[in-house]
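Enquirer: First residue of the sequence shown? That's 1221 in my numbering, and the numbers climb one at a time after it. Before I ask anything, here is the structure I am working with.
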Amino acid sequence: MDRALAVLEILARLGTAGVTEIAEELGVHKSTASRLVAVLDSRGYVSQLKSRGKFQLGNSIVRLARTATPDGDLVRQSQELCAELAEIVGESVNVSILDGNRSVSIVKADGPSGVGTNTWVGQSSPAHATASGKLLLTELSDSEIAERVGESPIALTSETLTDVPALVESLNSIRERGWAESEEELELGLNAVSVPIRDYTSKMIAALSVSGPAYRLLPERFEDVARAALDTSQRISNRLGYAVT
């Protein structure tokens, strides 16, 4: 059971992985990893990408995410509204939560464009390199932020903030503004804008993000997209019992 859960965690972290890679991560023989993956595949917890022979998290994980608490209610209350926002802005929309030093997607809605983003439910990314993660980090104190991201946050691109004091300063600006942006910090050619979702206690429990290709989701669109996203996140927050005082 422990190893099977470890396989799911590996796929959540890496996105996709082959049996050989999973075996190396687990430190077990390839045949053992193959059996674990086969069992998970038979139950729908992983699925194989036929074009590459690698595996990713399957639909059963999505089903669990939709029914789990407390995030299950968040998923149920936000899916429809995220789909509406995706149609309005023409880009992909995600809802993410903070898990340690990573931002984890629990809802995804694709926009009408044929060109979107390579994200999926269950995907996790370094928080310091994403709009959603940076926004969620603003709920923490400066010392907690430094502890979460570590002394040397990894650089995903040349635009990733890896200097902790500079990151903290950037997060302070985000905190004051009320929404976050990411310009090719996670992936070259990918931009994103993120706004908060709050519960009945006024606590930020998740981030709603709009992401798209950098050539289409240009910086000059960020404020307009943020306004549209804030309207949607407010509606989701209201469904969760949040009320502006």
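Cβ atoms here follow ideal geometry from the backbone N, Cα and C, with glycine treated the same way. These numbers come from a predicted model, not from an experiment.
1) Are there 16 or more other CB atoms within 10 angstroms of the CB of Ser1332, so buried, or fewer, so exposed?
2) Looking at the strands, I want to know which residues DSSP matches up with Gly1432.
3) DSSP on Arg1263, reduced to helix/strand/coil?
4) What would DSSP say about Thr1289, mapped onto helix, strand or coil?
5) Measure the Cβ-Cβ separation of Arg1405 and Ala1349 and say whether it is below 8 Å.
6) Using only the alpha-carbon positions, how far apart do Ala1432 and Ser1393 sit?
7) What whole-angstrom Cβ distance do Ser1429 and Asn1314 have, given they're in contact under 8 Å?
8) So the beta strand (DSSP E) Lys1471 belongs to, where does it begin and stop?
9) To the nearest angstrom, report how far apart Gly1235 and Ser1280 are at their CA atoms.
10) Of the residues Gly1247, Gln1343, Arg1296 and Ala1351, which one's Cα is nearest the Cα of Arg1395?
11) Use the C-beta contact count for Gly1353: other C-beta atoms within 10 angstroms, 16 or more gives buried, fewer gives exposed.
12) At what residues does the alpha helix (DSSP H) containing Ile1242 begin and finish?
13) To which residues of the same chain is Val1369 closer than 6 Å at the C-beta, ignoring the five residues directly before and after it?
14) In terms of residues, what are the limits of the beta strand (DSSP E) holding Glu1401?
15) Work out the CA separation of Glu1300 and Leu1381 for me, nearest whole Å.
16) For Glu1229, is the classification buried or exposed, using 16 other Cβ atoms within 10 angstroms of its Cβ as the cut-off for buried?
Expert: Put simply:
1) Working through the sequence shown from its first residue, we reach residue 1332 at position 112. The sequence shown places Pro at residue 1332, rather than the Ser named in the question. Exposed, by the Cβ-count rule.
2) The residue given as residue 1432 occupies position 212 in the sequence shown. Paired residues: Asn1411.
3) Residue 1263 sits at position 43 when you count from the first residue of the sequence shown. Three-state result, Arg1263: coil.
4) Along the sequence shown, one-based indexing puts residue 1289 at 69. Bear in mind that the predicted position of Thr1289 carries a pLDDT of just 43, short of 50, making it too unreliable to give a figure here.
5) What you label residue 1405 is simply residue 185 of the sequence shown in a count that begins at 1. What you label residue 1349 is simply residue 129 of the sequence shown in a count that begins at 1. According to the sequence provided, residue 1405 is Glu. The question's Arg does not apply to it. Yes, these two residues count as a Cβ contact at 8 Å.
6) Mapped onto the sequence shown, residue 1432 falls at position 212. Mapped onto the sequence shown, residue 1393 falls at position 173. The sequence shown places Gly at residue 1432, rather than the Ala named in the question. Distance between the alpha carbons of Gly1432 and Ser1393 is about 23 Å.
7) Looking up residue 1429 in the sequence shown gives position 209. Looking up residue 1314 in the sequence shown gives position 94. About 5 Å separates the two Cβ atoms, so the contact holds.
8) Past the boundaries of the shown model lies residue 1471; the chain is included only from 1221 to 1465, so the question cannot be answered.
9) As a working note, residue 1235 is residue 15 in the sequence shown. As a working note, residue 1280 is residue 60 in the sequence shown. Using only the alpha carbons, I get a separation of about 16 Å.
10) Counting from 1 along the sequence shown, the entry for residue 1395 is found at position 175. With distances taken between Cα atoms, Arg1395 lies closest to Ala1351.
11) Here residue 1353 refers to the residue found at position 133 when the sequence shown is read from its first residue. Under this definition Gly1353 is a buried residue.
12) Working through the sequence shown from its first residue, we reach residue 1242 at position 22. Per DSSP, Ile1242 belongs to the alpha helix (DSSP H) from Val1239 to Leu1246.
13) Counting from 1 along the sequence shown, the entry for residue 1369 is found at position 149. Asn1321 and His1348.
14) By one-based count along the sequence shown, residue 1401 stands at place 181. First-last of the beta strand (DSSP E) with Glu1401: Ala1400 to Glu1403.
15) By 1-based counting over the sequence shown, the position of residue 1381 is 161. By 1-based counting over the sequence shown, the position of residue 1300 is 80. If you take the alpha carbons of Leu1381 and Glu1300, they lie about 33 Å apart.
16) Stepping through the sequence shown from its first residue, residue 1229 is reached at position 9. Exposed is the call here.
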